[in-house]
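See below for the structure under consideration.
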Amino acid sequence: MISLDDTDRALIRALAEDATQTAGALGRALGLSQPACWRRIKRLREANVFRESRLDVDTEALGFGVTVFLGVKLATKGRVSLEDFERAVSAIPEVQIVEHVLGLFDYRLRVVARDIPDFERVLRRRIMTLPGVGNLEANVLLSEERRAGPLDLI
Amino acid sequence: MLDDTDRRILRHYQAEPDIAASDLAERAGVTPSTLTRRLERLRDKGILRGLCGVINWQALGWEVEVSLRVTLDKTQPRAFDEFIAAAREVSEVMEIQTFLGQTDVRLAVIARDMAHYQQLYRKRLLTLPHINDIEALMHVARVKDTEALPL
């Protein structure tokens, strides 16, 4: 596993906030030369420290006022393959996240919709018709905050 | 407010956030200068807030991911505020969401391994204030993960 020093940690933190920063600008902020900073970023990227970046957009301004987290329990395990369910649910454009989980539910979904009637349409026409879908629990997102994560512990 | 060109640009940009500007322009069928101008306008309007790096915690040795669904003791008027403030103090907490529904708050938590998670769960998470009930969903696999909106 990649070993990190304080400068690497500061770089990870800075890039997590704004992935568009150049090696020159980051180097100036951290007291590194542009090439030294570039080499460090290259090393981090080669160790897969970053996944694909996330475009931060105002979802409400773009017309998507409702986000719902859905817990899905499959009703007919064995009769319907997990692959069939996963393929079908992933093809729904309004479904942003599909996670296979263990616990009360089999899958955790994050669904966006324009408004509540639009969500109802997605739920009834797309999700409740998925192969093998059983119990559903819907929770409407009211607020969300993303934290930096345990950068102090790595 | 947004026209088809804006939407086309955002659609391609969302699908591939790390794309080079020249490739994005080509894919969206606009000139590089139009792209720059359009993106600038979207930023000015606050629609485009930025591009965030997403840390691959697994590559850093954090193997366990858990979704904790919490119901709070709503007889305590400050339950939400105090729970959330205390959850912010736990650096393994990656996301905090509040809901209208059966679940009040969700915490996305990561840990190095199951032993670390067990310790974290007992010492730092179960001790958070005003918990009525807590339920864990253990992450097995990420099947789809995109923040892309169906524009």
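Protein chains in written order, with UniProt numbering: chain B, 1 to 154; chain E, 1 to 151. Using N, Cα and C, we set each Cβ at its ideal position, and we do this for glycine too.
Can you give me the C-alpha to C-alpha distance between A28 (chain E) and H12 (chain E), rounded to a whole angstrom? 7 Å
Residue from B:A25, B:L153, B:L130 and B:L142 with nearest C-alpha to F80 (chain E): Distance check between F80 (chain E) and each of B:A25, B:L153, B:L130 and B:L142 places B:L142 closest, using alpha-carbon atoms only.
Compare the C-beta of I9 (chain E) against all C-beta atoms of chain B and say whether one is closer than 8 Å. no
Please give me, in chain order, every unbroken run of the beta strand (DSSP E) with length at least 3 that falls completely inside the segment 86-130 of chain E. 93-100 and 105-111
Ordered along the chain, which non-local residues of its own chain (more than five positions away) have a Cβ less than 8 Å from that of D46 (chain B)? For the record, residue 46 (chain B) in the displayed sequence is Glu; it is not Asp. Around E46 (chain B): no qualifying Cβ.
Within 8 Å (strictly less), CB to CB, does F83 (chain E) reach chain B? no
Run through chain D and tell me which residues come within less than 9 Å of L100 (chain E), C-beta to C-beta. Within the model displayed, chain D is absent; protein chains B and E are what it includes.
Residues of the segment 109-130 of chain E with Cβ closer than 8 Å to any Cβ of chain B, in chain order: So the list reads I110, given in the order they occur along the chain.
How close, in whole Å, do the beta carbons of A111 (chain E) and V49 (chain B) come, if the pair is a contact with beta carbons under 8 Å? Actually they are not in contact, since the Cβ atoms of A111 (chain E) and V49 (chain B) sit about 18 Å apart, beyond 8 Å.
Pick helix, strand or coil for Q58 (chain E), following the three-state DSSP scheme. In the structure shown, Q58 (chain E) sits in a helix (DSSP, three-state: H, G or I).
May I have the straight-line CA-CA distance separating V140 (chain B) from G149 (chain B), to the nearest angstrom? Cα-Cα distance, rounded: 24 Å.
What are the boundary residues of the alpha helix (DSSP H) that includes residue 215 (chain B)? Residue numbering for chain B in the displayed model covers 1 to 154; residue 215 (chain B) lies beyond these limits and cannot be assessed.
Have a look at R126 (chain B) and I92 (chain B) and give me their C-alpha separation to the nearest angstrom. Take the alpha-carbon of R126 (chain B) and the one of I92 (chain B): they are about 7 Å apart.
For I97 (chain B), the first and last residue of its enclosing beta strand (DSSP E): From DSSP, the beta strand (DSSP E) with I97 (chain B) extends over V95 to L102.
Please return the same chain residues whose Cβ sits closer than 7 Å to the Cβ of A15 (chain E), not counting the five positions on each side in sequence. Here the set comprises A148.
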